[in-house]
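Working notes, beginning with the structure itself.
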Amino acid sequence: MPEPVLDHFILFNDVFEGVMVRMDIETFSYTTVPLQLANFTPIALTFDPTLQQIYFSEVKNQTSVIRQTDLRGAWVSTLGYTPQGSVIDGMAFDNKRNMIFYTDAGNNRIVSISPDGSNLNVVGFNIEQPKGLALDTNAAVVYWTDCGSQAKIESANYDGTNRRIILAEDLQFPYGIALDVAAGQLYFCDAGTKTIEVVNTDGTRRKMLYKDFRSACYGLALTSQYIFYSDWTKMNVVRINRDGSNQTPAGPDSFSQVFDVYAFDSSFTKA
């Protein structure tokens, strides 16, 4: 009997506790993905909605490894190890082209690769501190945050052409980023300015949605109604409405430090 297709959930990882979690968007009921990995240190993650598989990164022995599993954690496979010094902080999956994209802060680049480990392609070079990324799979464009000495948000075509700066002012540590393809808007969080903001993909109509002077936001994910984000000053994921209202803790205060957050909501037209 085939496994039921799951919908309306977030995925996130707790690097200090060494767990990956699937949580319902509305009820906040959750279950861990029981991976049998020694010294499990999950950093970035993304999801293939067709095969219902998770891709995630770990840092091992001064480099990063990319692995995959299903939502039950019934098996784990290794796609491969990245070059020495690699630090994969952000991942995204193109379901149309069956491609994984990731940021590599250790080697200052954005990379795409097939799930079998083949067809590695460097999309962007000389990026000081690439962190989060988001994909427009219709236009074949990747967006990313750069937390370097001149913090910015950039984009480029999948082949590396048409690289451009979208925002480069009033940014400090932009980490998480998410894209509403239909609206042509980027949502991002900045751990330095303590804000969650939205801006058009051409850099216009920037708007602050939420500010918390005590926060240290990192991962960010988007659904049709909500923004989910991780905050290193809190022991859970946080949910707010997309207009920035109604901050709500998502689940109990029982985690240590949540890194990446991914949201799957089939009612939301995403890349």
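Numbers 1 to 271, taken from the UniProt record's numbering, label the letters of the sequence shown in order. Using N, Cα and C, we set each Cβ at its ideal position, and we do this for glycine too.
In the DSSP assignment, Val-142 falls within the unbroken beta strand (DSSP E) covering 141 to 146. For Leu-79, the uninterrupted beta strand (DSSP E) run begins and ends at 76 to 81, by DSSP.
Cβ atoms of Asp-190 and Phe-173 come within 8 Å of each other, at about 6 Å. If you ignore the 5 residues before and after Ser-77, its C-beta comes within less than 6 Å of the C-beta of Gln-68, all in its own chain and listed in chain order. Beta-bridge pairing by DSSP links Val-21 to Phe-12 and Thr-32. The beta-carbon distance between Lys-152 and Leu-167, rounded to whole angstroms, is 6 Å. This is short enough to meet the 8 Å contact definition. Between Gly-73 and Met-23, the CB-CB gap reaches or exceeds 9 Å. If the five residues before and after Thr-195 are omitted, its C-beta is found closer than 6 Å to the C-beta atoms of Met-208 and Lys-211, all from its own chain and listed in chain order. Between Gly-176 and Thr-201, the gap from beta carbon to beta carbon reaches 9 Å or more. Of the residues Asn-138, Leu-220 and Gly-184, the one whose Cα lies closest to the Cα of Ala-178 is Leu-220. Note on the region 72 to 134: whole beta strand (DSSP E) runs with a minimum of 3 residues are 76 to 81, 88 to 94, 99 to 104, 109 to 113 and 121 to 124, in chain order.
The C-beta separation of Gly-90 from Ala-44 comes to about 5 Å, placing the pair in contact by the 8 Å criterion. When secondary structure is reduced to three states using DSSP, Glu-169 falls in the coil class, being assigned neither helix nor strand. Excluding five sequence positions before and after Ser-114, the CB atoms of its chain that fall closer than 7 Å to its own CB belong to Asn-98 and Met-99, given in chain order. Comparing alpha carbon positions, the residue from Thr-223, Ile-110, Ser-57 and Phe-47 closest to Asn-95 is Phe-47. Here DSSP, grouped into helix, strand and coil, assigns Gly-176 to strand. Assignment of beta-bridge partners to Pro-49 by DSSP yields no partner. In the structure shown, Ser-215 adopts coil according to DSSP, grouped into three states.
Within its own chain, the residues whose Cβ lies closer than 6 Å to the Cβ of Ser-57, once the five positions on either side in sequence are excluded, are Ile-43, Ala-44, Ser-64, Ile-66 and Ile-88, listed in chain order. For Val-122, the closest alpha carbon among the candidates Asn-138, Pro-83 and Gln-150 is that of Pro-83. Secondary structure at Tyr-158: coil, using DSSP grouped into helix, strand and coil. In this structure, DSSP gives Asp-231 an extended state, which the three-state scheme calls strand. Our two residues, Phe-188 and Val-198, have alpha carbons roughly 6 Å apart in a direct line. When the Cα atoms are used, Val-15 and Asp-260 turn out to be separated by approximately 10 Å. Counting along the chain, the unbroken beta strand (DSSP E) around Ser-64 starts and ends at 63 to 70. Straight across, the Cα-Cα distance linking Ser-86 with Asp-253 is about 31 Å. Per the coordinates, the alpha-carbon of Gly-251 lies some 33 Å from the alpha-carbon of Arg-205. According to the DSSP assignment, Glu-197 belongs to the beta strand (DSSP E) that extends over 195 to 200. Residue state for Val-261 is assigned as strand, using DSSP reduced to three classes.
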